[in-house]
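Chains as they are written, first to last, in our numbering: chain A, 106 to 302; chain B, 26 to 174.
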Amino acid sequence: MLEQMAQPADLLTAVAPATPFDNIADVHALYEQRIFRFLLLSLRDRDAALELTQDTFLSAWRSRAFFRGDCSVATWLMRIAINHLRDHTRTGAFKFWKRAAATAIDATELQSQLRHPASSAESALAAHQQLGVVWESVNKLTERQRTIFLLRFVDELELNEIAEATGLSLPTVKSHLYRALDHVRTAARDAGKRDTR
Amino acid sequence: MNPHLSSEQLDDVLAGKANPAAVAHAATCVHCSQELAALSGIFGNLRITTAAVAENHRLIASPRNAPRAPRMAWALATIALFASVAVPLAVRRPATVQNHPAATPPVAMSDEALMESVRNDLASSVPESLQPLASTTTNETSTTTTRKD
């Protein structure tokens, strides 16, 4: 599909200035993994994440004329992905499919990926439990807090990059991030206290 | 006043952008250093495991192997329902077209025959249903005439 999309782009390059999105196949190959991961962790549903990932790259290609290079390609793509995510989570269908999704990911799937080559069984168990608690606490964040938290601690974006991607001001981003971090810290601390009892 | 690092300061320290005072505090305060170590471990594990899980799902969800999305399933179900209604209708229609020419001539013939009989009835002085009686009366008149003769 992407190769087919790239052909009409060649025709447009004659009249429009070149953008990195003209060769959408290359952009897709570079950033698809990252966009899919963000959407998967936000939605926790593989099918929905895949659909929105495809929508993101399609939108990026269609609106490539508006890319002026003010931000990086990754930030531009992330901004489109966040817009699609917002549209998707507002629909009633999302709420239904979220309950019914067979491809939803949970804490146990995450914990199964945790490797402890050098640690003791006790510390490995504690890490498993902490990861599960953090994963659940991230799910309880508001949509905006979760988006910012994931961009910061999973995608490791800078605060100004998050502000660009979300379209929020820097103080607003900080406010949401620190609230989210407070929430996660409290959950992790409570889980640690339960373990020591 | 809370002497320990706030979430903002912890985030700055984790990102390596904290001011010297926050860094100095993190180095000397047992509580804050433990929390920083715990958060650093948690977020590190979160990054590693989410990347692995996302990659697994991405491989499964690649267009070649992807299970059909719910919307696609609904679309297929709609197409199947439409086909189940439309196909029998489409199959039945040519059959009626084939039967129609064969059935039409007898109907047309019977109509013509009916019109012919109506015309005959109107043309004749005696209706067809009374013809037997009419024939006997004509016979009787012929016999009476012969008697007179």
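Beta carbons: idealized from backbone N, C-alpha and C, even for Gly.
Since we're looking at a predicted model, the values are computed, not measured.
1. Answer with buried or exposed for B/F107, where buried requires no fewer than 16 other C-beta atoms within 10 angstroms of its C-beta.
2. Would you say B/N70 lies against chain A (beta-carbon separation less than 8 Å)?
3. Name the residues in the stretch 121-134 of chain A whose C-beta lies less than 7 Å from a C-beta of chain B; which are they?
4. Going along chain A, which residues have a C-beta under 8 Å from B/A79?
5. Cβ of B/A51 within 8 Å of Cβ of B/L84?
6. So what does DSSP say about A/D211, is it helix, strand or coil?
7. Would you say A/Q234 reaches chain B, if we count a Cβ-Cβ gap shorter than 8 Å as a contact?
8. Flag A/L282 as yes if its beta-carbon sits less than 8 Å from any beta-carbon of chain B, otherwise no.
9. Should B/I104 be flagged as near chain A, meaning a C-beta pair shorter than 8 Å?
10. Taking the alpha helix (DSSP H) that A/G237 belongs to, which residues open and close that run?
11. Flag A/R151 as yes if its beta-carbon sits less than 8 Å from any beta-carbon of chain B, otherwise no.
12. Give the residues of chain D in contact with B/H56, contact being defined as C-beta atoms less than 7 Å apart.
13. State buried or exposed for B/D2, treating a residue as buried only when at least 16 other CB atoms are found within 10 Å of its CB.
14. Only counting the same chain, and skipping five residues up and downstream in sequence, which positions put a Cβ closer than 7 Å to that of B/C57?
15. Do A/L236 and A/L219 have their C-beta atoms closer together than 8 Å?
16. Strictly under 8 Å for the Cβ-Cβ distance: is A/D295 near chain B by that measure?
17. Given this structure, state the Cα-to-Cα distance separating A/D131 from A/F162, to the nearest angstrom.
18. So which of A/R290, A/T252, A/V289 has the shortest CA-CA distance to A/S278?
19. Can you tell me whether DSSP reads A/D175 as helix, strand or coil?
20. Does any residue of chain A bring its CB to less than 8 Å from the CB of B/H82?
21. Where does B/W99 land, buried or exposed, given buried means 16+ other C-beta within 10 angstroms?
22. Between the alpha carbons of A/A293 and A/L273, how many angstroms are there, rounded?
23. Considering just the uninterrupted stretch of the alpha helix (DSSP H) at B/S58, what are its terminal residues?
24. Within 8 Å (strictly less), CB to CB, does B/A86 reach chain A?
Quick answer:
1. When all chains shown are included, B/F107 counts as exposed.
2. True, the Cβ-Cβ gap to chain A drops below 8 Å.
3. Correct list: empty, as no residue qualifies.
4. Against B/A79, the close residues of chain A are Q138, F141, R142, L145, L146, in the order they occur along the chain (beta-carbon pairs closer than 8 Å).
5. Taking 8 Å as the Cβ cut-off, B/A51 and B/L84 do not qualify as a contacting pair.
6. Correct three-state label for A/D211: coil.
7. Not one chain B Cβ lies under 8 Å of A/Q234.
8. Chain B has a Cβ within less than 8 Å of the Cβ of A/L282.
9. So, not an interface residue.
10. Start and end: 226-244.
11. Yes, A/R151 counts as interfacial toward chain B.
12. Among the protein chains of the structure shown, namely A and B, there is no chain D.
13. With chain B covering 26 to 174 only, the question about residue 2 of chain B has no answer from this structure.
14. Answer for B/C57: H29, L30, H50, A51, listed in chain order.
15. Closer than 8 Å, so yes.
16. False, the Cβ-Cβ gap to chain B never drops below 8 Å.
17. Straight through space, the alpha carbons of A/F162 and A/D131 are spaced by roughly 11 Å.
18. Contrary to the premise, residue 278 of chain A reads as Val rather than Ser in this sequence. Of the listed residues, the one whose Cα sits closest to A/V278 is A/T252.
19. Three-state result, A/D175: coil.
20. Residue contact check for B/H82 against chain A: a CB pair falls below 8 Å.
21. By the neighbour-count criterion, in which a residue is buried when 16 or more other Cβ atoms sit within 10 angstroms of its Cβ, B/W99 is exposed.
22. Taking the straight line from one Cα to the other gives about 28 Å.
23. Element bounds for B/S58: 55-85.
24. Yes, B/A86 counts as interfacial toward chain A.
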